[in-house]
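Residue numbers (the UniProt record's numbering): 1 to 331. All residues carry an ideal CB built from backbone N, CA and C; glycine is no exception. This report concerns only the one structure given below.
Right under this line is the structure:
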């Protein structure tokens, strides 16, 4: 990827707290073969951005050093070997980094058209959650109509999308969330809400399912929930771990897993090869975008803040007081 001088981005000169984010003049990206440059209209804040800011989650080799795993905007330039996209087209994109910037170069296979009926800015709330949820809940775990899906962190960007997608696919969706967020999550389709601070989610899942358990669990907590998640699985259940907010290392009772003929998977999206990301993006465009355009699934945006105020957005995400996505916008 080549660069000229000439744009602004959020940089991280030294790891640290939210004030480590600096609004800076940086080189302007030029598209390599197979890449497109997007003039960014909005990006979204993900917890991975907070980890990167703290020095715990460096970008993959060859990716932009700036945070930001998704964006929306307008195609500004096409690299060699790119077909199917035109300059001036409104798009959103899954990124390995670089969304907190005025422009970003992205492999063409990670572009998506803005769904009909979705505002260009709000479209920035979709790529990362859509690709994460679809690839894990549908592609990997194989959620089907009539099954039960348990979503941890129901009020997050991932959670609000998973609730809607699971409901649209005909599953019964259970979610853990603070009580203050539960009414809004019911409106998104959650059939049952569990206050993880006041209730034992294993007991609640068993009660709600008449002792059967959840067929699929989408987990952002990792180690601290591992044993309880296995206990909450139904026979033949599938636990998919996509986050480690509760730690990296936990004890797994293989006997319990064997008895249930269940499975545990763990995945990351950012570090996958470009070809794998393109396959996921294609699946999202074919299977999820029609649901978005029909209104069955929509972006859930807590608020919009100027990109230069990224530190404020990070503080908000750290507080967990938001519901859905926090967007960073450019004029």
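By how many angstroms is the C-alpha of residue j removed from the C-alpha of residue i?
i	j	result
residue 53	residue 22	11 Å
residue 123	residue 72	6 Å
residue 316	residue 327	11 Å
residue 167	residue 147	10 Å
residue 289	residue 280	12 Å
residue 55	residue 64	15 Å
residue 282	residue 108	11 Å
residue 103	residue 119	19 Å
residue 278	residue 296	24 Å
residue 85	residue 125	21 Å
residue 265	residue 228	15 Å
residue 14	residue 20	6 Å
residue 127	residue 176	23 Å
residue 203	residue 248	24 Å
residue 337	residue 263	There is simply no residue 337 to check, as the chain begins at 1 and stops at 331 in what is shown.
residue 70	residue 184	24 Å
residue 270	residue 329	22 Å
residue 169	residue 287	10 Å
residue 178	residue 26	40 Å
residue 40	residue 78	15 Å
residue 208	residue 314	35 Å
residue 268	residue 24	29 Å
residue 311	residue 186	31 Å
residue 261	residue 254	10 Å
residue 331	residue 196	39 Å
residue 201	residue 145	23 Å
residue 305	residue 199	34 Å
residue 192	residue 57	34 Å
residue 153	residue 259	27 Å
Assuming the contact rule is C-beta atoms closer than 8 Å, residue i and residue j should be a hit. Round their C-beta distance to whole Å, please.
i	j	result
residue 302	residue 322	4 Å
residue 38	residue 91	6 Å
residue 252	residue 226	6 Å
residue 160	residue 188	6 Å
residue 318	residue 112	The Cβ separation is near 29 Å, so there is no contact.
When you compare the CB positions of residue i and residue j, do they come within less than 8 Å of one another, or not?
i	j	result
residue 300	residue 130	no
residue 33	residue 67	no
residue 216	residue 174	no
residue 242	residue 218	yes
residue 339	residue 151	Nothing can be reported for residue 339: it is not among the residues displayed for the chain, which extend from 1 to 331.
residue 224	residue 256	no
residue 181	residue 157	no
residue 89	residue 106	no
residue 213	residue 237	yes
residue 163	residue 190	yes
residue 9	residue 100	yes
Quick one, which of the options has its alpha-carbon nearest residue i's?
i	options	result
residue 294	116, 82, 182	116
residue 276	292, 95, 185, 169	95
residue 18	45, 29, 31	45
residue 31	226, 304, 20, 76	76
residue 42	51, 121, 8, 9	121
residue 82	133, 35, 213, 320	35
residue 325	206, 8, 47, 135	47
residue 59	209, 11, 320	11
residue 332	145, 307, 206	Not covered by the structure: residue 332. The range shown for the chain is 1 to 331.
residue 273	62, 24, 57	62
residue 307	98, 93, 57	98
residue 245	320, 304, 292, 192	320
If you drop the 5 nearest sequence neighbours on each side, which residues of the same chain put their C-beta closer than 6 Å to that of residue i?
i	result
residue 6	28
residue 16	none
residue 250	223, 226
residue 165	133, 297
residue 292	115
residue 110	93, 94, 277, 281
residue 135	280
Who are the Cβ neighbours of residue i in its own chain at under 7 Å, not counting the five residues just before and after it?
i	result
residue 114	72, 90, 91, 92, 120, 123
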